[in-house]
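Single-structure report; data block below.
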Amino acid sequence: QQQVKQSPQSLIVQKGGISIINCAYENTAFDYFPWYQQFPGKGPALLIAIRPDVSEKKEGRFTISFNKSAKQFSLHIMDSQPGDSATYFCAASMRSSNTGKLIFGQGTTLQVKP
Amino acid sequence: SAVISQKPSRDICQRGTSLTIQCQVDSQVTMMFWYRQQPGQSLTLIATANQGSEATYESGFVIDKFPISRPNLTFSTLTVSNMSPEDSSIYLCSGYSGNEAGDTQYFGPGTRLTVL
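So the protein sequences, as listed, match chains A and B. Start counting the first sequence at 1; every next residue gets the next number (my numbering). Start counting the second sequence at 115; every next residue gets the next number (my numbering).
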């Protein structure tokens with residue numbers, strides 16, 4: 001299975017709150033899991049990424065939690081700000097395939113209310 | 115990091131015509147990809163642009179409809195041929211550079227196409 005399932009489809013969070021977006025995959029050959037952030041009228045930009053040999057990666061207010069046995073990973077945005085309002089995509093790829101292809105989740109539209 | 119530009123940024127075209135979108139990367143990348151994104155939707159991979167050879171198309175996309183060129187490591191074009199209103203979408207190109215330090219796919223700003 002090549003799908004990556006993402007939830008929720010949309011999310012509204014108060015300023016200062018925690019935003020959590022979840023993704024699940026089936027293909028155990030996936031070995032690279034990036035998150036992309038996309039603002040209206042712009043292309044997606046890499047936010048943070050993780051490999052399956054670690055369970056968590058943190059960069060500033062953004063954290064990826066990875067559960068290899070459950071084949072799930074999630075993005076946590078701490079102290080959410082109105083400037084974080086955007087669409088977030090999880091993705092997965094197989095570095096071993098050497099194709100560079102990414103399989104994207106369906107996307108989550110985040111709105112952070114002031 | 116790589117900076118990717120696309121031209122045009124948007125266009126309105128008539129049914130039955132063709133549009134060529136250009137993608138320029140400011141540094142050499144291993145691979146280049148073309149995606150389609152409907153407003154509010156996820157990204158769908160159209161094809162991998164191969165340097166000096168025919169592009170590799172994903173299921174549901176064919177060369178006659180979406181001819182792609184990649185004459186060198188920093189430039190690619192996607193043509194949307196014989197357009198219909200169903201082709202109205204955002205078309206994105208990306209560049210990929212993979213190495214032991216990391217895998218990053220950089221995206222252009224997209225071309226918003228409206229077909230009347």
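The beta carbon of each residue, even a glycine, is placed where N, CA and C say it ideally should be. In this text, all values refer to a predicted model and were calculated from it rather than measured experimentally.
Counted as a single uninterrupted DSSP element, the beta strand (DSSP E) harbouring S7/A occupies residues 4–7. By the CB criterion at 8 Å, P44/A and Y32/A fall outside the cutoff. Only G41, K42, G43, P44, A45, L46, A49 from the segment 40–55 of chain A bring a Cβ to less than 8 Å from some Cβ of chain B. Annotation: L75/A to A163/B spans about 31 Å, alpha carbon to alpha carbon. For D53/A, no beta strand (DSSP E) run applies, since DSSP gives it neither H nor E.
In this structure, DSSP gives G100/A a state outside helix and strand, which the three-state scheme calls coil. At a Cβ-Cβ threshold of 8 Å, P82/A and V112/A count as neighbours.
In the structure shown, P82/A adopts helical secondary structure according to DSSP, grouped into three states. With respect to T188/B, I182/B sits apart: the two C-beta atoms are not nearer than 8 Å. Of all residues in the segment 89–103 of chain A, the ones placed with a Cβ closer than 9 Å to any Cβ belonging to chain B are F89, A91, S93, R95, N98, T99, G100, K101, L102, I103, in chain order. When DSSP states are grouped into helix, strand and coil, R184/B belongs to the strand group. For Q2/A, none of the residues of chain B pass the 9 Å Cβ criterion, the least Cβ distance being about 11 Å. Where R226/B is concerned, the enclosing beta strand (DSSP E) starts and stops at 225–229. Distance from the CA of N27/A to the CA of Q6/A, rounded to the nearest whole angstrom, comes to 15 Å. Rounded to the nearest whole angstrom, the CA to CA distance from M94/A to F66/A is 16 Å. Here DSSP, grouped into helix, strand and coil, assigns E172/B to coil. When secondary structure is reduced to three states using DSSP, E26/A falls in the coil class, being assigned neither helix nor strand.
V4/A has its alpha-carbon roughly 6 Å from the corresponding atom of A24/A.
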